[in-house]
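Contents: one structure, followed by commentary.
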Amino acid sequence: MAEEYTVKVGTRRSALALAQTNLVIAALSKAAGPNVKFEVHSMATMGDRDKTTPLPSLGKGLWTSELEAKLVNKEVDVIVHSLKDMPTSLPEGCVLGAVTQREDARDVVVFPKGQKGKYKTLKELQEGSVVGTSSVRRAAQLKRSYKGLVFRDVRGNIDTRLAKVDDEEGGYDAIILAAAGLLRLGYDERIGQFLESSTEGGGLLHAVGQGALGLEIREGDERIERLIQAAVDKDTMVAAFAERSVMRTLEGGCSVPIGVETKWIEEEGEKKLRLKVTVVSLDGKKAVDGERTEKIESLEEAEALGKSLAEKLAGEGAQEILDAINKIRDSAPGALKVSDA
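Counting from 0, one number per residue, gives the positions in the sequence shown under numbering that gives the first Met the number 0.
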């Protein structure tokens with residue numbers, strides 16, 4: 000008879016995080032069978048509790064470090080993260096053991112409910128329109144293409160942000176969110192426009208790891224490592240390792256304007272990974288872009304691809320852009336903002 004045991008799963012205490020965790024548990028339960036039980040251990044992290052400090056100024060680990068402390072202390076066995084929130088350098092003894100199949104990685108525009116039909120794309124917004132986002136990556140890239148728009152910080156979970164854009168007194172003409180969160184929570188109908196590199200009017204590259212879930216475990220925990228393989232999607236994991244290598248090489252965190260886009264394509268009869276990267280200054284006036292397509296068959300090759308392209312961009316001015324941003328962040332608490340609007 001197979002051994003019975005309980006797996007303690009750590010996650011953030013939000014509707015989206017819990018929904019994502021339940022998706023992972025469902026996949027693992029199906030593969031593991033009835034002898035393995037799962038317990039969800041949720042908590043509010045620093046990023047959840049601090050509602051006033053601009054997200055870009057909170058630095059790395061704002062969604063993950065407290066959960067990782069529980070993992071190290073063996074209070075939980077595995078953590079389910081939104082991969083885009085995971086720093087590329089993990090605490091000693093912790094590893095990224097699995098990456099799940101990606102939901103739509105693109106960012107999207109959400110317009111106020113009362114304005115349904117009035118606007119369908121960002122380029123239709125009038126000069127001076129206010130766009131809400133807590134991401135300097137999104138704001139910087141969009142300032143590059145949509146010079147007449149005003150960007151203002153918007154915080155809170157998905158329900159809170161939707162309520163803010165729908166509020167006639169809220170002052171937002173649109174907000175930018177990740178498609179994955181809206182789709183996982185059943186808010187498909189709120190998506191007004193998908194944004195990607197080829198978007199008419201101005202493209203937007205998504206965050207590193209966006210749309211995927213990362214399962215973090217203790218290094219050497221072979222039982223849990225075997226268990227979580229049921230959740231692995233190889234194509235997503237390889238692409239994510241390439242993306243994370245870009246960020247690691249440029250020493251960026253989740254609150255810096257590094258955008259990526261990965262896609263598996265057929266080229267010359269072979270399956271290859273196309274990686275696009277952009278680094279943009281906060282005002283959108285300076286940008287460094289790069290693209291590379293290679294045949295990738297392992298995580299090591301994926302990391303090499305990301306590192307090589309990142310080093311090329313660093314030498315072309317990307318590092319100067321990021322150094323200037325980090326100088327602003329280090330100057331004072333709250334100095335790094337999406338906008339002064």
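All C-beta atoms in this analysis are idealised placements derived from N, C-alpha and C, irrespective of residue type, glycine included.
Given a threshold of 16 other Cβ atoms within 10 Å of its Cβ, counted over all protein chains shown, does residue i qualify as buried or as exposed?
i                 : result
proline 112       : Note that residue 112 is lysine in the sequence shown, not proline. Exposed, since its Cβ has fewer than 16 Cβ neighbours within 10 Å.
alanine 104       : buried
serine 56         : In this prediction, serine 56 has a pLDDT of 47, which is less than 50 and means its spatial position is unreliable; what the coordinates show is noted afterwards. So serine 56 counts as buried.
glutamate 215     : buried
glutamine 125     : exposed
phenylalanine 150 : buried
arginine 143      : buried
threonine 5       : exposed
glutamate 74      : exposed
aspartate 158     : exposed
arginine 222      : exposed
glycine 96        : buried
glutamate 168     : exposed
aspartate 172     : buried
lysine 36         : exposed
serine 330        : exposed
glutamine 228     : exposed
aspartate 166     : exposed
arginine 137      : buried
Does the separation of the CB atoms of residue i and residue j fall below 7 Å?
i              : j             : result
isoleucine 174 : arginine 160  : yes
glycine 305    : alanine 241   : yes
glycine 210    : glutamate 102 : yes
leucine 184    : serine 196    : no
alanine 403    : proline 33    : A query on residue 403 cannot be resolved here, the shown segment of the chain reaching from 0 to 340 and no further.
arginine 217   : glycine 92    : yes
glutamate 342  : proline 90    : Residue 342 lies beyond the range of the chain shown here (0 to 340); nothing can be said about it.
valine 279     : glycine 316   : no
leucine 321    : leucine 249   : yes
arginine 243   : valine 207    : yes
alanine 31     : leucine 226   : yes
alanine 18     : threonine 10  : no
threonine 292  : lysine 311    : no
alanine 239    : leucine 27    : no
serine 128     : arginine 154  : no
lysine 285     : glutamate 269 : no
valine 237     : alanine 301   : yes
threonine 261  : leucine 281   : no
threonine 63   : methionine 85 : yes
valine 98      : threonine 198 : no
For residue i and residue j, which I take to be in contact (beta-carbon distance under 8 Å), what is that distance rounded to the nearest angstrom?
i             : j              : result
valine 8      : valine 109     : Going by Cβ atoms, the distance from valine 8 to valine 109 rounds to 30 Å, so no, they are not a contact pair.
aspartate 187 : glutamine 100  : 18 Å between Cβ atoms; not a contact.
leucine 121   : tyrosine 145   : 6 Å
leucine 194   : valine 107     : 6 Å
leucine 308   : valine 337     : Wrong, their Cβ atoms sit about 27 Å apart, outside the cutoff.
alanine 303   : asparagine 156 : Alanine 303 to asparagine 156, Cβ: 37 Å. No contact.
leucine 82    : glycine 213    : 4 Å
leucine 350   : glycine 201    : Outside the displayed span of the chain (0 to 340) sits residue 350, for which this structure offers no information.
lysine 119    : glycine 191    : 6 Å
Quick check: is the beta carbon of residue i nearer than 7 Å to any beta carbon in chain C?
i              : result
isoleucine 223 : Among the chains of the structure shown, chain C does not appear; only one protein chain is present.
Item to check | Continuous beta strand (DSSP E) assignments of at least 3 residues falling wholly in the stretch 78 to 102 | outcome: 93 to 98
Next on the checklist: Which complete beta strand (DSSP E) runs does the stretch 167 to 247 hold, if anything under 3 residues is left out?
Outcome noted: 173 to 177, 192 to 194 and 212 to 217
Checklist entry - Residue ranges of each beta strand (DSSP E) run of no fewer than 3 residues wholly in the stretch 281 to 320, ordered along the chain? => result 286 to 293
Checklist entry - Curious, which full-length alpha helix (DSSP H) runs of at least 4 residues does the stretch 129 to 162 contain? => result 135 to 144
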